[in-house]
Structures are given as C-alpha cells and as structure tokens.
Amino acid sequence: MKTHSWTTRNYATNSKNPNASYQAFRCSWLFSTGMGNTNRYIGSMQVRVPAYGNGSHEVKLAGYALGNSEGSSYYSDTSSVCEQSNFSYGDCWFAFDSFSQTRKKNVLAYGVYVNAEKGYSNIGASRGDARIECVSYQGVITPTGQTLTSGTVARYTKYRLQWTTDAEDDFERSNSTCKIIITDQDGGNSQTYTLSNGATSFDLDTTAWSSGSGIRWRVQVGAYGSGTVTESATYSLSLADPTAKVDDLRPTSKTYYGFDAVFSWAFTGSIASGAISGALQQGSAVLQYRTDNMADPADFASVSDGTTHVSVNCGTLPIGSYQWRVVAKSSVGTTHTSSWVQCTNVEVPVSVKGTTPAAGASAPRAVTNRFSWVFSVDSDDRPGDVTQQSATLHFKANNESDWHEVAVDGSQQYTDVPANTFAEGATTLDWYVVAIANTGTKVTSDTINVSTLDTLSTPVAVSPAGEYMDDAVQGITFVWQHANVTGTAQTGWELSYSADSGASYTVLASANNADNSYQADAGTFSSGVIYWRVRTKNTDGAFGSYSGAAIFAIRRAPVAPVISYYDNKPLAKMRWQAKEQDGYEVAVDGISLGVRYGTGKEWQSDAVLTDGKHTLQVRIYNTYGDVSPWSSCKINVQNQPGAALAVYAEERWGEVLLCWGADNGYILRDGKLITKAEGGTYTDRTSAAAHQYIVRVFDAEGYYTDSAPVLAAPSVPYAAIGLRDGTDWLAMKYATSYQNYSKAVSLGGSYQQYWGKERPVWHDAGNRVVTHTISHACKREEELLVLRSLAGQEVIYKDRDGHLAIGVFKDLQESREHGCTALSFSITETQQEAVKYDPV
1 MKTHSWTTRN YATNSKNPNA SYQAFRCSWL FSTGMGNTNR YIGSMQVRVP
51 AYGNGSHEVK LAGYALGNSE GSSYYSDTSS VCEQSNFSYG DCWFAFDSFS
101 QTRKKNVLAY GVYVNAEKGY SNIGASRGDA RIECVSYQGV ITPTGQTLTS
151 GTVARYTKYR LQWTTDAEDD FERSNSTCKI IITDQDGGNS QTYTLSNGAT
201 SFDLDTTAWS SGSGIRWRVQ VGAYGSGTVT ESATYSLSLA DPTAKVDDLR
251 PTSKTYYGFD AVFSWAFTGS IASGAISGAL QQGSAVLQYR TDNMADPADF
301 ASVSDGTTHV SVNCGTLPIG SYQWRVVAKS SVGTTHTSSW VQCTNVEVPV
351 SVKGTTPAAG ASAPRAVTNR FSWVFSVDSD DRPGDVTQQS ATLHFKANNE
401 SDWHEVAVDG SQQYTDVPAN TFAEGATTLD WYVVAIANTG TKVTSDTINV
451 STLDTLSTPV AVSPAGEYMD DAVQGITFVW QHANVTGTAQ TGWELSYSAD
501 SGASYTVLAS ANNADNSYQA DAGTFSSGVI YWRVRTKNTD GAFGSYSGAA
551 IFAIRRAPVA PVISYYDNKP LAKMRWQAKE QDGYEVAVDG ISLGVRYGTG
601 KEWQSDAVLT DGKHTLQVRI YNTYGDVSPW SSCKINVQNQ PGAALAVYAE
651 ERWGEVLLCW GADNGYILRD GKLITKAEGG TYTDRTSAAA HQYIVRVFDA
701 EGYYTDSAPV LAAPSVPYAA IGLRDGTDWL AMKYATSYQN YSKAVSLGGS
751 YQQYWGKERP VWHDAGNRVV THTISHACKR EEELLVLRSL AGQEVIYKDR
801 DGHLAIGVFK DLQESREHGC TALSFSITET QQEAVKYDPV
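Number 449 in the numbering used here belongs to position 449 of the sequence shown; there are no gaps in the numbering.
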C-alpha cells in the first residue's frame with residue numbers, strides 16, 4: 001500500500017464570472033501525476049479545489065474526470081459533489097472513492113473538471129493549490145512454492161508446505177486471501193482449503209491421499225483491493241510408505257512352562273525427512289510362535305495400543321524349543337514384522353513321592369484311611385515356587401473293575417477316605433494319585449497295592465507298673481494303650497492278672513468297646529506282688545497278642561501314730577506310739593523339720609520355742625515309704641527363768657572373754673546362738689567388732705535363764721591371724737600397701753540361654769565361694785614359720801578395720817624385699833555348722 005499526493009495551479013477555464021477575474025463557473029484543473037497508466041489498484045481518492053462562495057457564502061461544486069490533458073473534455077458518467085456554506089475562500093474536497101479504476105486513473109492522468117452550481121471556483125491570485133490525495137495497492141500478488149516442491153513424502157505423515165509471495169509490504173501480504181488446492185497424482189481427490197489472509201504455510205496430512213502414488217499442490221493468492229487471484233505453479237510429490245523397525249525381542253533364551261514371563265520388544269518408527277508429525281508409532285501388536293512341526297505360526301498374545309511388552313503365562317506355549325516374533329501395526333495401519341527369536345520353554349520336573357500307605361501296608365476297610373503323598377519339585381532351575389494346585393486319588397478294590405476318584409483342591413497332599421468305603425469282601429486295594437502343579441504340569445504316582453485287613457494289635461500295659469498300691473478304700477485303675485501298625489482304634493479288650501508271678505492268669509474283666517482303662521473294686525487284691533496283662537481287638541474284631549506283663553505290689557499306708565506325751569517347755573518334747581514305723585516326720589507350726597529314719601518314737605526340739613501357743617505334728621513312714629496321716633497336739637510354752645545371771649565381758653587382744661556364775665551355758669551374739677560353753681567361761685575368737693552378748697543357761701527342768709546383755713569388742717590394733725580352735729594369734733603389723741585387703745564373692749550357678757529370650761537366665765546353685773585376699777609383710781623368720789604352718793588349716797583373720805575371715809588358705813606367695821618378706825594369701829571361707837540346743 002502506498003499514499004500519494006500531488007498539487008497544481010494549472011487550470012483551463014471554460015466559463016468565467018464576468019464580475020470578477022478570479023471567479024469561474026466551469027474550470028478544468030490540470031494534473032500530470034504519471035500514474036494514468038499504472039497497474040496498481042487505486043484505493044481511496046480525494047481531490048481539493050479552491051472555492052469561493054457567493055453573497056451567502058454557499059458553494060456547490062460537481063467534479064468530473066478530465067478526458068484530455070488540455071481540459072477541454074471530461075467524462076460526465078461519474079461525478080462527485082462538494083457542497084459547503086458560510087465560508088470564504090474555502091477548500092472544497094471531492095471524494096472520488098466511488099469512481100471506477102478507469103475514472104480514477106483518468107483523474108491521475110489529466111485532472112478534474114469542476115462545474116459550479118453554486119458559488120465559484122477560485123482561480124485568482126489568492127487561490128490555494130488544487131490537490132489530489134490517494135492510496136494505491138499492488139493489485140497482483142504472485143505466490144511461489146518454497147518447501148516440499150518436489151521429492152518424496154511418506155504416507156500417513158504430516159508435513160509443512162511453505163511458499164512465498166511478492167507482496168511489497170506486510171499490509172499487502174497480511175491482507176491477501178489464500179487457498180491451497182491438493183490433489184492426487186492424477187488430479188483426482190481434489191481438496192481445497194481456504195487459509196487465513198496472508199498465509200504462507202499449510203500443514204499437510206498425507207493420509208487422505210495415502211492410497212495413491214503421489215500428491216500435487218498449488219496455491220492461489222488474491223490481492224487486496226483488486227481481488228485479483230494469482231496461482232502458483234503446481235508442485236508434485238511422490239508418496240512412499242513410512243518405515244519402522246521391530247527388534248530387541250526378549251526373552252531370547254528360555255521361558256518356564258506355567259510361569260508368567262514378560263515378552264518385550266522395541267518399536268522404532270522412522271522420522272521422515274521434513275515431517276512435523278514425529279516418528280511413526282505402534283498402534284497394536286500380535287505375538288506369534290512356531291515350532292518345527294507347525295505349518296503356520298500361532299498367535300499367543302497381543303496388545304491393542306503402543307505398549308511394547310506383555311505378560312504371558314508360558315503354559316500357553318509348547319514345551320521345548322520354539323520361535324517367536326512380533327507382528328506390529330503402526331498407528332496409521334502399516335505392518336512391521338520382527339525377525340524370529342529362538343527360545344526353549346522349560347518344564348520344571350515334578351514327581352509324587354512318599355506315598356502312604358506304602359505297598360504291602362494295611363488300609364483297614366472299617367476305619368477312615370488317610371492316603372498321603374509328597375509333591376516333589378525335582379529341579380532348582382525354576383523362577384518361582386512350584387506347588388501342587390490339585391490332585392486326584394484313584395483307588396480300586398481287588399473285587400472291583402472300576403476305579404473310584406477323590407478330588408483334592410489346593411496344596412493339600414492327603415485325603416481321608418471314610419470307613420467302609422472300600423468294597424465289602426475286598427482284601428486288597430490298588431491306589432495311585434495324579435497331581436497337577438500350579439504350572440499345569442501333571443504327574444502320576446506309581447500304583448500301590450495295600451491290604452484292606454486290619455493288623456493285629458500289640459497293646460502296652462501302662463499303669464500300674466513298678467508301684468506299691470493300696471486298694472483298701474478305692475479300687476486300682478488299670479490303664480493300657482492299644483497299638484497296632486495301622487493305628488486303628490480298639491474295638492474290644494480283655495484284662496487278666498496273676499498272683500503267682502505269672503504262672504497262671506485269671507481274667508479280671510473284658511468288654512467290646514474302645515475303653516483303655518478299667519477300675520477294679522476296692523479290696524480285689526491281696527497284699528503281695530501282682531502281675532497283669534491285656535489284649536485288645538482290632539477293627540476286624542480279632543484279638544492281638546497279650547501285652548507284656550506289668551507288675552505292682554499291694555500295700556497300705558500305716559495308721560496315724562498316737563501321741564502319748566508332750567510338754568510345754570521351751571525345748572518341747574513329744575512321744576508317740578506306732579506300728580510299722582521305719583521313719584518319722586515332725587512339723588512345728590506347720591513347718592516340717594524333715595524325715596528322720598528309725599524306729600525311735602520320741603522327739604525334742606533343738607531350737608527354743610517362743611512363749612505362747614504352738615502346734616506339734618508327727619507322722620510315720622513304713623518300709624515301703626508309705627506315710628501315715630498326721631497326728632497333732634497343741635502346746636502352750638511358758639518359760640520359767642531362774643535367778644538373775646551375771647555376765648562379765650573382758651575385751652582382750654583379738655578376742656572377747658565371757659564369764660558367768662554357772663557351769664554350762666549357751667552363747668548368743670546379737671541374738672544368734674553361736675556356741676555352747678562349759679565351765680562358766682567362753683572366749684569368742686570369731687568377732688572383729690563390737691557385739692551384744694547374752695548367756696543362756698538351762699535348769700534341770702528344761703527352763704532357761706538369760707543374762708543381761710553385755711556389749712564387748714576385741715582389741716585389734718592391727719591385723720591378726722590364728723587357728724579357728726587355737727589360743728594364739730600371730731600379729732601382722734606390716735602392710736605392703738595402703739590397700740592390703742580385698743574380698744570377692746563368687747556365686748555358684750550357671751547362665752542358660754533359652755530360645756526366644758534376648759538375655760540368659762541365671763540358675764542359682766545355692767552355694768557361693770567367699771575369698772579374702774590379704775597382703776602383709778614379716779620381718780622375723782619365726783613369724784614367717786608360724787604363718788606357713790597355718791596353711792591348709794581352718795584359721796581366723798581379722799584387722800582393725802573390722803574385716804573378718806574364717807576359712808582355709810592353701811597358697812602363700814612370698815617375696816623378699818628391703819629386709820622383709822612380702823606375703824600374699826587368700827582365705828576361702830568354709831562351712832560353719834549351725835549350733836543346736838542339746839536335749840534336756
């Protein structure tokens with residue numbers, strides 16, 4: 001698009017107003033624009049001429065296109081009127097937009113003729129220039145193909161066709177109309193597409209013409225303004241099928257019969273040169289296999305989209321060697337086939353083993369029989385678990401011609417056949433099992449022959465056996481166990497016994513039932529040794545062999561003893577009368593003092609009973625260890641102390657000396673009985689600190705008197721050691737270090753680790769080893785000799801820190817340093833027997 005403007009003062013008057021030389025009724029304004037013969041399209045056009053109004057300042061002028069350069073003729077067929085009022089020397093603009101191209105170009109070639117119907121044209125010195133203003137357009141725009149004007153394109157593919165135009169500017173180009181015409185190679189199947197104004201490309205989908213061998217295309221462009229349509233040359237393209245590759249097939253070696261396998265492949269579509277639709281895509285695929293003896297391949301899987309893998313249960317494929325391939329269809333319908341791939345479909349071997357009942361065994365007709373087997377997988381070359389999916393038991397009695405079947409679902413490897421299922425009168429049975437694996441593999445066991453007759457029983461006498469029994473109050477219960485190879489139930493029994501060591505037997509009881517026990521009446525058997533045995537019936541009602549004889553002895557518990565005497569003294573005494581006593585047991589206030597064996601029938605407490613009420617009990621044991629009922633008596637202990645007892649305590653080096661005014665006495669230290677002393681004195685060597693002492697003296701009647709307590713401690717300025725029952729002490733004055741004593745306690749027992757427990761469990765054996773380690777030094781040889789002599793004997797060690805050890809040391813470590821002998825030894829505490837009160 002271009003904008004033009006021209007001015008002129010050149011005119012030719014045809015009629016002037018006689019009143020003024022600058023006024024004209026008719027006047028030709030002469031122009032020479034040089035565009036009278038232009039090929040461009042003339043758009044809007046305006047023409048200005050100077051005008052002068054009359055007295056009322058009204059102007060009405062009519063404009064025409066001149067017919068020659070002299071202005072002597074004009075074209076009256078088309079005119080434009082300019083009418084204005086109330087101005088002087090005004091501009092008068094004609095709009096020539098409605099003029100034809102010919103008349104517009106006449107104006108551009110020669111000018112305009114103006115006829116004044118009111119007012120005048122101004123041709124005087126004061127006039128303005130006459131002016132032409134117009135817009136012109138290119139008029140004709142020619143397209144030229146640029147991209148894909150020749151060559152080959154792929155079917156079912158998109159391409160971008162492109163062209164250029166000779167439009168002089170963007171306005172011309174963007175406002176030009178555009179169409180594209182596409183046909184097949186013969187001009188048929190023509191499709192015309194109206195494009196947006198100014199279009200210079202078109203996305204071609206070759207699908208509509210894919211049945212042909214080629215495509216032809218051309219473009220039509222209509223210029224703006226003129227509407228003139230110009231067509232490009234026709235461009236021819238050849239059509240070819242798009243290509244794709246199907247490869248990378250997997251698996252390539254083996255699959256497993258009955259197992260799922262993923263079959264995969266790669267579909268690689270080509271990208272045609274210049275295409276904008278991308279690579280060819282898979283639309284569907286079919287998987288096929290073949291073997292050497294197949295005339296045609298068979299389909300075994302498919303996908304209906306672009307998926308390039310599929311899971312297949314290989315039970316649908318033949319066992320052994322096979323080949324497979326993929327036949328893929330593209331999304332546009334083209335077919336693409338892979339090469340064949342060689343594979344082996346492996347069948348995991350399975351078998352049925354461990355069949356029960358085994359050949360020659362019994363499956364008694366009268367009971368429920370369990371038939372079982374073991375489903376065996378006989379290879380480790382498998383991708384997953386192989387299990388039994390189902391099984392069928394087949395059986396046939398010797399007097400039958402038809403086989404019976406029992407179906408078994410799942411992995412259960414047994415089935416129970418109800419009693420009396422087998423044909424009546426049969427003596428043998430053939431059976432086998434057919435198992436099917438979860439892979440589909442079927443396996444059949446060997447045929448097994450078994451007997452349908454029950455085996456004879458071999459019962460076991462359970463109890464009583466090796467026991468002493470008493471049937472005085474309640475009869476003896478006999479228990480046995482029915483047993484035979486088939487494990488069938490008992491249907492009858494017979495119990496017999498012998499009182500002459502098995503020389504002869506008497507039937508005690510019998511019945512036709514499954515009981516495995518029998519209770520005899522009380523008092524059935526005489527005292528002595530009894531042999532007994534049992535035999536049982538199988539499901540055929542036949543007795544088996546007798547059990548081995550079990551032996552028991554009849555005995556009865558002794559009668560409870562009769563308490564004949566007891567007293568109420570602190571050391572209580574009790575006597576009784578009894579028969580068959582070989583031992584007795586006494587309890588005080590419900591606490592047993594243990595069993596003592598012998599025929600003695602008197603007991604006295606060896607511990608002081610507190611004042612108050614107590615219960616004494618006694619029972620006896622006979623030769624067989626049978627125990628009588630308890631006999632009991634109630635006592636009320638009341639001590640009767642005598643005259644006050646004075647005690648004197650003397651603290652000595654390493655020991656405490658106690659003296660009192662009596663002969664014999666018992667010494668209590670801190671309330672605990674530690675010894676019995678004679679002669680009215682006692683030296684306590686076993687203390688290392690202050691303790692409270694009481695002397696207890698019994699009179700002839702068995703009552704005791706306690707002294708007032710005295711507090712005393714041995715003098716231990718340093719360490720000392722001496723014999724447990726000795727009278728001397730070896731002073732150990734010199735320590736080898738500041739820390740010359742240590743003590744260690746080791747518990748007897750063991751740790752046991754149990755399943756399911758994170759930490760071990762401690763089992764205490766109830767004993768412990770207490771060890772005292774002492775380090776000292778001796779300067780004199782005689783001291784060393786004394787210490788050596790104490791090794792292996794029970795000694796007492798104490799020191800000023802209150803440490804005390806009573807026991808034995810067996811090792812003594814010596815080393816000579818700086819004029820003295822350094823010593824180290826360990827005393828292990830020994831058991832000290834508890835002190836008891838003597839009978840009174």
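No residue lacks a Cβ here, since even glycine has one placed at the ideal position from N, Cα and C.
- Helix, strand or coil for Leu730 per DSSP? Counted from its first residue, the sequence shown places residue 730 at position 730. Residue state, collapsed to three classes: strand.
- Does the stretch 678 to 688 come close enough to the stretch 793 to 806 to have 3 or more Cβ pairs within less than 8 Å? Yes, since at least three Cβ pairs between the stretch 678 to 688 and the stretch 793 to 806 fall closer than 8 Å, the two stretches touch.
- Item | From Pro364, Ser457, Phe395, residue whose alpha carbon lies closest to that of Asn420 | Residue 420 sits at position 420 when you count from the first residue of the sequence shown. Each of Pro364, Ser457, Phe395 was checked against the Cα of Asn420, and the nearest Cα belongs to Pro364.
- Query: Are the Cβ atoms of Val408 and Leu393 separated by less than 9 Å?
  - Reply: Counting from 1 along the sequence shown, the entry for residue 408 is found at position 408. Counting from 1 along the sequence shown, the entry for residue 393 is found at position 393. It is a contact, given that the beta carbons lie within the stated cut-off.
- Query: Could you give the C-beta distance for Ile141 and Thr230, rounded to a whole number, given that I count them as a contact under 8 Å?
  - Reply: Residue numbering aside, residue 141 sits at position 141 when the sequence shown is read from its first letter. Residue numbering aside, residue 230 sits at position 230 when the sequence shown is read from its first letter. Approximately 6 Å separates the beta-carbon atoms of Ile141 and Thr230; this is inside 8 Å, confirming the contact.
- Message: I'd like to confirm the pairing. Which residues does DSSP put opposite Val262 in its beta bridges?
- Response: Stepping through the sequence shown from its first residue, residue 262 is reached at position 262. Answer by DSSP bridge pairing, in chain order: Ser311.
- Task: Report the three-state DSSP secondary structure of Gln519 (helix, strand or coil).
- Result: For the purposes of this step, residue 519 is identified with residue 519 of the sequence shown, where counting begins at 1. Three-state DSSP puts Gln519 in a strand.
- Message: My output table needs one value for Arg780: the three-state DSSP class, helix, strand or coil.
- Response: Here residue 780 refers to the residue found at position 780 of the sequence shown. In the structure shown, the three-state DSSP call for Arg780 is coil.
- Query: Relative to the C-alpha of Arg596, which residue among Asn622, Thr615, Thr610, Asp611 is closest?
  - Reply: What you label residue 596 is simply residue 596 of the sequence shown in a count that begins at 1. Of the candidates Asn622, Thr615, Thr610, Asp611, the residue whose Cα lies closest to the Cα of Arg596 is Asn622.
- Task: Assign Asp416 to one of two classes, buried (16 or more other C-beta atoms within 10 Å of its C-beta) or exposed (fewer than that).
- Result: Taking the first residue of the sequence shown as position 1, residue 416 is located at position 416. Around the beta-carbon of Asp416, fewer than 16 other beta-carbon atoms lie within 10 Å, marking it exposed.
- Go through its chain and collect everything with a Cβ distance to Glu172's Cβ below 8 Å, but skip five positions before and after it. Within the sequence shown, the letter at position 172 stands for residue 172. For Glu172, where only same-chain residues beyond five positions count, the Cβ hits under 8 Å are Met1, Tyr137, Gln138, Ile141, Ala223, Tyr224.
- Compare the beta carbon distance of Phe698 and Leu616 with 9 Å and say whether it is the shorter of the two. Working through the sequence shown from its first residue, we reach residue 698 at position 698. Working through the sequence shown from its first residue, we reach residue 616 at position 616. Leu616 sits away from Phe698, with the two beta carbons spaced by 9 Å or more.
- Query: Taking buried to mean at least 16 other C-beta atoms within 10 Å of its own C-beta, is Ala712 buried or exposed?
  - Reply: Along the sequence shown, one-based indexing puts residue 712 at 712. It is buried - the Cβ of Ala712 has at least 16 other Cβ atoms within 10 Å.
- Taking the beta strand (DSSP E) that Ser750 falls in, what are its first and last residues? Translated into the one-based positions of the sequence shown, residue 750 becomes position 750. Start and end: 741 to 752.
- Endpoints, the beta strand (DSSP E) within which Arg800 is located: Residue numbering aside, residue 800 sits at position 800 when the sequence shown is read from its first letter. Arg800 -> no beta strand (DSSP E), and no H or E assigned at all.
- 3-residue-minimum beta strand (DSSP E) runs that sit fully inside the stretch 526 to 592, ordered along the chain: With a minimum length of 3 residues, the continuous beta strand (DSSP E) runs that stay inside the stretch 526 to 592 are 528 to 537, 550 to 554, 562 to 566, 573 to 577, 583 to 588.
- Task: Quick one: grab the DSSP three-state call for Arg816.
- Result: As a working mapping, residue 816 is identified with position 816 in the sequence shown. Three-state DSSP puts Arg816 in a strand.
- Task: Please confirm if the stretch 444 to 454 is in contact with the stretch 520 to 530, defined as three or more CB-CB distances below 8 Å between the two stretches.
- Result: The stretch 444 to 454 makes no contact with the stretch 520 to 530: fewer than 3 CB pairs, one atom from each, lie closer than 8 Å.
- Message: Please report whether the beta-carbon of Trp755 lies at a distance below 9 Å from any beta-carbon of chain C.
- Response: Of the protein chains in the structure, only one exists, and it is not chain C.
- Message: Taking the straight line between their C-alpha atoms, what separation do you get for Ser510 and Val588?
- Response: On the sequence shown, residue 510 is found 510 positions in, with the first residue counted as 1. On the sequence shown, residue 588 is found 588 positions in, with the first residue counted as 1. The straight-line gap from Cα to Cα measures roughly 50 Å.
- Message: Counting beta carbon pairs with one atom in the stretch 647 to 661 and one in the stretch 716 to 731, are three or more of them shorter than 8 Å?
- Response: The stretch 716 to 731, when compared against the stretch 647 to 661, does touch it at the 8 Å Cβ threshold.
- Item | Proximal residues to Leu508 (C-beta, below 7 Å), its chain only, five neighbours per side dropped | Mapped onto the sequence shown, residue 508 falls at position 508. The answer, listed in chain order, is Leu495, Ser496, Tyr497, Ala520.
- Message: So, for Pro349: in the same chain, excluding its five sequence neighbours on each side, which residues have a beta-carbon less than 6 Å away from its beta-carbon?
- Response: Residue mapping note: residue 349 aligns to position 349 of the sequence shown, counting from 1. Leaving aside the five residues that flank Pro349 on each side, the residues in its chain whose CB is nearer than 6 Å to its CB run, in chain order, Asp378, Ser379.
- Leaving out five residues before and five after Gly258 in sequence, what residues of the same chain have Cβ atoms less than 6 Å from its Cβ? Numbered from 1 along the sequence shown, position 258 holds the residue referred to as residue 258. In chain order, Gly315, Thr439, Gly440 place their CB closer than 6 Å to the CB of Gly258, counting only its own chain and leaving out the 5 sequence neighbours on each side.
- Query: Do Ala266 and Lys329 have their C-beta atoms closer together than 9 Å?
  - Reply: On the sequence shown, position 266 is the one that residue 266 refers to. On the sequence shown, position 329 is the one that residue 329 refers to. In this structure, Lys329 does not lie closer than 9 Å to Ala266 by Cβ.
- Message: I need the boundaries of the alpha helix (DSSP H) containing Gln101, first residue and last residue.
- Response: Here the question's residue 101 lines up with position 101 in the sequence shown. Run containing Gln101: 101 to 109, per the alpha helix (DSSP H) assignment.
- Quick one, which of Asp203, Pro459, Ile180, Lys105 has its alpha-carbon nearest Ala483's? Taking the sequence shown and counting its residues from 1, the one referred to as residue 483 is at position 483. Among Asp203, Pro459, Ile180, Lys105, the Cα nearest to that of Ala483 belongs to Pro459.
- Item | Boundaries (first-last residue) of the beta strand (DSSP E) holding Arg173 | Within the sequence shown, numbered from 1, the residue matching residue 173 stands at position 173. Per DSSP, Arg173 belongs to no beta strand (DSSP E); it is in the alpha helix (DSSP H), 170 to 174.
- Message: So, does the stretch 149 to 169 touch the stretch 36 to 55, judging by three or more C-beta pairs under 8 Å?
- Response: Fewer than three pairs of CB atoms, one per stretch, sit closer than 8 Å, so the stretch 149 to 169 makes no contact with the stretch 36 to 55.
- Message: Between which residues of its own chain and Thr452 is the CB-CB distance below 8 Å, once the five residues before and five after are set aside?
- Response: On the sequence shown, residue 452 is found 452 positions in, with the first residue counted as 1. The beta carbon of Thr452 sits closer than 8 Å to those of Ser362, Ala363, Pro364, Arg365, Ala397, Phe422, Ala426, Thr427, Thr428, Leu429, all from its chain and outside the five residues before and after it, given in chain order.
- Query: Using the beta-carbon count (16 or more within 10 Å), is Asp838 buried or exposed?
  - Reply: For the purposes of this step, residue 838 is taken as residue 838 along the sequence shown, with counting starting at 1. Answer is exposed; the Cβ neighbour count stays below 16.
- Contacts around Ser196, its chain only, beta-carbon distance under 8 Å, and the 5 residues preceding and following it disregarded: Translated into the one-based positions of the sequence shown, residue 196 becomes position 196. For Ser196, where only same-chain residues beyond five positions count, the Cβ hits under 8 Å are Cys178.
- Query: Could you give the distance in angstroms between the alpha-carbon of Ile635 and the alpha-carbon of Gln753?
  - Reply: By one-based count along the sequence shown, residue 635 stands at place 635. By one-based count along the sequence shown, residue 753 stands at place 753. Whole-angstrom Cα-Cα distance: 51 Å.
- Message: Considering only their Cβ atoms, is the gap separating Ala116 from Gly71 smaller than 9 Å?
- Response: Taking the first residue of the sequence shown as position 1, residue 71 is located at position 71. Taking the first residue of the sequence shown as position 1, residue 116 is located at position 116. No.
- Between Val769 and Val795, is the Cβ-Cβ spacing less than 9 Å? The residue given as residue 769 occupies position 769 in the sequence shown. The residue given as residue 795 occupies position 795 in the sequence shown. Not closer than 9 Å, so no.
- Task: Have a look at Pro641, Tyr738, Ser376 and flag the residue whose alpha-carbon is nearest the alpha-carbon of Ile700.
- Result: Translated into positions along the sequence shown, residue 700 becomes position 700. The residue you asked about is not Ile; residue 700 is Ala in the sequence shown. Of the candidates Pro641, Tyr738, Ser376, the one whose C-alpha sits nearest the C-alpha of Ala700 is Pro641.
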